[in-house]
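Input: a single structure, listed below in C-alpha cells.
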Amino acid sequence: MSKDAVLLIAHGSPERVEDIPEFLRNISRGRPMPEAVVREVQRRYSLIGSSPLTRITRHQADGVARELGLPAYVGMRNWHPFIADTLKQMAADGVERAVAICLAPHNSQTSVGLYKAVLFGAPAPFVIDFVSEWHDHPLLIQALAEKLRTSWTQACAQHGSQLPVLFTAHSVPQRTIVERDPYEAQTRETAALVAATVPEIGGWRFAFQSQGMSGGEWLGPTVEDTITSLRDAGHTGVFVQPIGFVCDHVEILFDIDILFRQYAGERGMKLYRAESLNDSPLFIHAVADLAQTRLNGLASNCKISITAEKIS
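So this is what it looks like as C-alpha cells:
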C-alpha cells in the first residue's frame, strides 16, 4: 500500500520582528524593499507581538493528521518551514502520494498560482495532487457560518442593536482580475454562501482589505470606504468576518483589530469581528474531508492505471 500524506501550504510569517527584513526579501525574491516599507511592517508586527500563522498552521496540520490517521506536513512559501525543505522531509519519510492543500481557499494568480509554481518548481520523488481551489466546500462554509452566527449574535447583544455584516478578503492587483482571474468571483461566492447559511444577519456587504503598498490599482471596494458608507447610512457599528483567511495573522490582528477598529472609532462607530477559524474542529474536518476525497481519487486513478497495464 502506498504511503499517503497531506501537505498544508501557507504564506509563511516570522515570529520575530528582527526577521522581517529577511522575510520581505523572500517575498520580493531578493529585490530590495524600501526602508520605509520594512519599518512599517516591523511596526505592525511589534504592535501585535508576533504572528501566530506558523504555530496555528501546525495545529491545523496536527488536527488533520489525527482525523485521517495520516502524516500531515506544513510548507511555507516565504518563511520556515519552506515548501522545498518540507518536500525533502516527506521524501525522506517515504511518502509516495500526497495531497497539497493551499490554505487560501480562493484561486488567484497572485497567491495560489505562486504556491503551485514553488511546489512544482523542482520534481518531487512522489505523486502530488494539488488542490487549486475549495472556496465552496460545504464544510468550509459551515465552519465560517458557525463562527459568524456565534460571534455576531454576541456582538449584537453587546451593541444593543442588529449589526450590519461586512465580509472581507485580501485584495489583489486589479490587473490580475482583468486577466480573468477567478479570485473576485470566488470570494464573493463564499460570502454569499455563508450569508445564506446564516439568514438572520439580513443584508450584508463585501469589501477587499489589505491593499498592497506597491503601485497600481488594487481590487476594491476598500473596507475604509465601506465603513464610511455604513456610517453615512446611520449605523453605529459594524461586524466584520474575513472569509478570505483561515487563521489569525497580521492582516487580521493588525489590519482589522487595530487599523480598521481605529478607523471606525474615529467615525463614531464600533467594530466587532468574527473569531477566526484557526483550529476549529469543523474547519479541521473540512480540510480532512477535502484531503481524503482527493486521496481516494489518486487511489482510483492508480487502480485504473494498473488495470490498463494488465490488459495491454
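Quick note: the sequence shown uses the numbering used here, first residue -14, plus one each step. Idealized CB from N, CA, C, for every residue including glycine.
Among the candidates the options, whose CA atom is the shortest distance from the CA of residue i?
i, options, result
"I162", "E3, Q27, T95", "T95"
"A85", "H234, L124, K73, A57", "A57"
"T153", "K73, V97, Y100, F245", "F245"
"L(-7)", "D233, Q277, N286, V272", "V272"
"Q194", "I228, E185, I186, E174", "I228"
"L104", "H270, G60, V235, T182", "G60"
"A267", "G282, L9, K132, E185", "In the sequence as displayed, the identity of residue 267 is Leu instead of Ala. The residue with the shortest Cα to Cα distance from L267 is K132."
"E118", "A89, R43, A140, F111", "A89"
"E260", "I243, A128, T182", "A128"
"P108", "P19, A140, L72", "L72"
"C141", "D240, V225, S285, I113", "V225"
"Q111", "A130, V80, Y100, H122", "For clarity, residue 111 is Phe in the given sequence; the question names Gln instead. Minimum Cα distance to F111 is reached at V80."
"G(-3)", "G145, E236, P19, V208", "E236"
"I41", "L283, A284, S265", "S265"
What does a CB cutoff of less than 6 Å around residue i pick up in its chain, not counting 5 residues either side in sequence?
i, result
"P167", "N92"
"V2", "Q27, Y30, S31"
"N11", "N63"
"L238", "I33"
"Q196", "S156, W203"
"T292", "Residue confidence is low: T292 scores 30 on pLDDT, short of 50, so the model does not pin down where it sits. Its coordinate-derived value is still stated next. Excluding sequence neighbours, T292 sits near nothing in its chain."
"K(-1)", "For clarity, residue -1 is Pro in the given sequence; the question names Lys instead. So the qualifying residues of the chain are F8, W64."
"A176", "F152, F191, I228"
"P37", "D233"
Counting only the same chain and skipping the five closest in sequence on each side, list residues whose C-beta sits under 8 Å from that of residue i.
i, result
"Q159", "G201, E202, W203, L204"
"A180", "V150, F152, I186, W189"
"L178", "D121, I126"
Quick check on the DSSP output: the beta strand (DSSP E) that includes residue i runs from which residue to which?
i, result
"V225", "222 to 227"
"L(-7)", "-11 to -5"
"C87", "82 to 87"
"D114", "112 to 116"
"L151", "150 to 155"
Measuring straight from C-alpha to C-alpha, what distance separates residue i and residue j?
i, j, result
"T138", "E169", "28 Å"
"S156", "P206", "9 Å"
"A102", "M254", "43 Å"
"G188", "Q143", "20 Å"
"D47", "Q74", "16 Å"
"R279", "Q45", "18 Å"
"H126", "D4", "For the sequence presented, residue 126 should be read as Ile rather than His. Distance between the alpha carbons of I126 and D4: 35 Å."
"S136", "G98", "33 Å"
"R252", "H220", "11 Å"
"E25", "N263", "26 Å"
"A218", "D274", "42 Å"
"D70", "R14", "17 Å"
"D(-11)", "T39", "23 Å"
"T172", "H120", "7 Å"
"N281", "D114", "11 Å"
"I296", "R82", "Note on I296: pLDDT 33, under 50, position unreliable in the model; no value is reported."
"A77", "E209", "48 Å"
Might you give, ordered along the chain, the residues of its own chain that have their beta carbon closer than 7 Å to the beta carbon of residue i, omitting 5 neighbours on each side?
i, result
"T211", "L151, R190, A192"
"A276", "V(-9), V49, L53, V84, I86"
"V223", "L148, P149, L151, I212, L215, A249, M254, L256"
"M198", "V22"
"H270", "E52, L124"
"P66", "V59, G60"
For residue i, report the span of its alpha helix (DSSP H) as first-last.
i, result
"L18", "It is worth fixing the name first, because residue 18 is Met in this sequence and not Leu. Per DSSP, M18 belongs to no alpha helix (DSSP H) and is neither H nor E."
"E133", "The residue asked about is misnamed: residue 133 is Leu in this sequence, not Glu. L133 -> alpha helix (DSSP H) spans 123 to 144."
"D47", "38 to 53"
"A180", "168 to 182"
"A76", "68 to 77"
"G60", "Per DSSP, G60 belongs to no alpha helix (DSSP H); it is in the beta strand (DSSP E), 57 to 61."
"A259", "It is not in any alpha helix (DSSP H) - A259 carries neither H nor E in the DSSP assignment."
"V97", "97 to 104"
"Q194", "From DSSP, Q194 is part of no alpha helix (DSSP H) but of the beta strand (DSSP E) over 189 to 194."
"A109", "Premise fails: A109 is in no alpha helix (DSSP H) and is neither H nor E."
"L235", "Correcting the residue type first, residue 235 is Val in the shown sequence and not Leu. Looking at the DSSP string, the run of the alpha helix (DSSP H) that includes V235 is 235 to 238."
"R252", "Note, R252: premise wrong, no alpha helix (DSSP H); not H, not E."
"S214", "208 to 217"
"Q159", "159 to 163"
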